[in-house]
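Colleague: Right, I'll just put the structure down here and ask away after.
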Amino acid sequence: MPNHLSTSHKIIVVLGPTASGKSELAVKIARKFNGEIISADSRQVYYGLNIGSGKVLRDKKIPKSYFYKEIPHHLLDVASPKRTFTVAQYQKLAKKALKEIIKRGKIPIICGGTGLYIDALIYDYQLPNVPPQPKLRKQLEKKLTEELFQQLQKLDPRRAKNIDKNNRRRLIRALEIILTTKKPIGILRQAQDKKSKYDFLKIGIKKSPEKLKKLITQRLKKRIKQGLIEEVKNLHQPFYSAPAEGEARQGRRGKQNLSWKRLDDLGLEYRYISRYLRGLISKKEMIEILKKEIWRYTKRQMTWFKKDKKIHWIESKKITFKFVKQFLKN
RNA sequence: GGCCUGGUUGCUAAGUGGUAAAGCGAGGGUCUGCAAAACCCUUAUACGGCGGUUCGAUUCCGCCCCAGGCCU
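Given below as structure tokens:
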């Protein structure tokens, strides 16, 4: 069994490309094995992004916290969509949730498609204690990529050695760290080889490309039927009148008034539907582009997951349960 | 029937008398505070057909085919 450390706590991870059916599987595991779910999704953390982010519905009978089919869900609706949320924040909140679940004697089930978030949590990434500094970034943003790289070489040669010298975003962050701490961080990486303090079982949902494409199309259609376009419209310009029955649903906390730019940044459904709403593309184009973009997104997700040799790729629910049962027995 | 414009890799699209950009798409990859992001690599003999001119034509000439436009 993977990572068996006698003193550590057991956690289950359910991951896979978007539209593969993670949420449903996670809930089933949670019900069967007395678990609670921690979402690991970079968009579901925002309130207001519901249909488009594929958030599970909230049980109406259980107000206050987030339940779905009587299973508590964590890390949903924890941030305003107006502001950028980052891995560091995710890590902090998710860690807290994780501890609490363990304290309750329940099994934490991390479920999501954001690979970085999952690993930051279970491997306890040591992120430099340097929050983003907008002013500094703005300044660095003015420089040429090459200049950024040269500056980093001077200040933190070890980091410069293994950084992607074309990636401005990374370069700026690296400089932000060194300029703030004055201490080179040198080499990071190789997180996957690190020991986790948890004993975890990583389950990946495997789907053939054909199947996945089909699921993407179906889900997109379904979401549009559920009011996805309305959701995006309201995020940009919410209704002021009392919300209608169906609308009061979940995670609604006042008006969002997200700019088109922000919606664009949120990606996929939010990006392309907002472009449609702005009249930049037709509805038909929007749907075609989305199918393509969502597919490409799954490929990026898979690139991340593929190199993780600890993932157990499964194709049926039955096998999953068997796996989980055995994992929890040890 | 006549005239004009155009036919370049999966798509869009440059270009030159000495065998050919780029973008998109597609595939692969990187990843430690924007990750639905950002970045990198790959995409072998692609110039409608047949002749001609030329040392050499995708590039010039002729004919043909195809697409679009115009004219009678």
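Following our numbering, the numbering of the first sequence begins with 45 at its first residue and continues without gaps. Glycine included, C-beta positions come from ideal geometry on N, C-alpha and C. These figures come from a predicted structure and were not determined experimentally.
#1: In this structure, does DSSP put serine 83 in helix, strand or coil?
#2: Can you name, in chain order, every residue of its own chain whose Cβ lies under 7 Å from the Cβ of lysine 327, other than the five neighbours on each side?
#3: Nearest by alpha-carbon distance to glycine 79: which of Ser318, Ala141, Gln345, Glu220 is it?
#4: I'd like to check one pair, serine 67 with valine 89: are the Cβ atoms closer than 9 Å?
#5: Could you tell me the alpha carbon to alpha carbon distance between lysine 373 and leucine 160, rounded to whole angstroms?
#6: So, helix, strand or coil for proline 253, using DSSP?
#7: Using 8 Å as the cut-off, can you tell me whether the stretch 246-266 makes contact with the stretch 215-230, which would need three or more C-beta pairs spanning the two stretches below that distance?
#8: State the Cα-Cα distance for the pair alanine 84 and lysine 126, rounded to the nearest angstrom.
#9: Determine the burial state of glutamate 329: buried for a count of at least 16 other Cβ atoms within 10 Å of its Cβ, exposed for fewer.
#10: Rounded to a whole number of angstroms, what is the C-alpha to C-alpha distance between lysine 307 and glutamate 337?
#11: When the Cα atoms are used, what is the spatial distance from aspartate 163 to lysine 353?
#12: Would you say lysine 54 and phenylalanine 371 are within 9 Å of each other, going by their C-beta atoms?
#13: Quick one: complete alpha helix (DSSP H) runs, 4+ long, within the stretch 323-353?
#14: Report back the beta-carbon spacing between valine 174 and isoleucine 221 to the nearest angstrom; my notes put them in contact at under 8 Å.
#15: Look at isoleucine 73 and isoleucine 166 and say whether their C-beta atoms are less than 9 Å apart.
#16: Could you tell me if serine 303 is buried or exposed, where buried requires 16 or more neighbouring beta carbons within 10 angstroms of its beta carbon?
#17: Alpha carbons only, please: which of Ile151, Gly311, Ala204 is nearest the one belonging to lysine 4?
#18: Buried or exposed, going by whether 16 or more other CB atoms sit within 10 Å of the CB of glutamate 313?
#19: Hey, threonine 189 and lysine 209: beta-carbon distance below 9 Å or not?
#20: Can you list, in chain order, the residues of its chain with a C-beta nearer than 7 Å to that of leucine 272? Leave out the 5 residues immediately preceding and following it.
#21: Which one of Gln183, Ile355, Gln281, Pro61 has the shortest CA to CA distance from glycine 156?
#22: Compare the C-alpha of glycine 248 against each of Thr158, Ile216, Leu180 and name the closest.
#23: Drop a sphere of 10 angstroms on the beta-carbon of glutamine 183, count the other beta-carbons inside from all chains shown, and report buried for 16 or more, exposed for fewer.
#24: Nearest CA to the CA of histidine 356: which residue from Leu119, Phe367, His118?
#25: Applying the criterion that 16 or more other CB atoms from any shown protein chain within 10 Å of the CB defines a buried residue, is asparagine 301 buried or exposed?
#26: With a threshold of 6 Å on Cβ separation, who are the neighbours of isoleucine 145 within its own chain once the five nearest residues in sequence on each side are excluded?
#27: With DSSP as the reference, label valine 174 as helix, strand or coil.
#28: Rounded to a whole number of angstroms, what is the C-alpha to C-alpha distance between leucine 196 and arginine 203?
#29: Quick one: is serine 109 buried, meaning 16 or more other Cβ sit within 10 Å of its Cβ, or exposed?
#30: Please return the same chain residues whose Cβ sits closer than 6 Å to the Cβ of serine 64, not counting the five positions on each side in sequence.
Modeller: Taking the structure as given:
#1: strand
#2: Tyr320
#3: Ala141
#4: no
#5: Their backbone Cα atoms lie some 28 Å apart in a straight line.
#6: DSSP places proline 253 in the helix class (H, G or I) of the three-state scheme.
#7: no
#8: 19 Å
#9: exposed
#10: Residue identity differs from the one stated: residue 307 is leucine in this sequence, not lysine. Each residue's Cα considered, the two are about 16 Å apart.
#11: 13 Å
#12: Their beta carbons are under 9 Å apart, which means lysine 54 touches phenylalanine 371 by this criterion.
#13: 327-350
#14: 5 Å
#15: no
#16: Looking at its Cβ environment, which holds fewer than 16 other Cβ atoms inside 10 Å, serine 303 is exposed.
#17: Any property of residue 4 remains undetermined from this structure, which presents the chain solely from 45 to 374.
#18: buried
#19: yes
#20: Ile95, Gly96, Glu313, Ile317
#21: Pro61
#22: Thr158
#23: exposed
#24: The shortest C-alpha separation from histidine 356 is found at Phe367.
#25: exposed
#26: Glu80, Pro152
#27: Coil.
#28: 8 Å
#29: exposed
#30: Closer than 6 Å at Cβ, skipping near neighbours: Ile249, Lys251.
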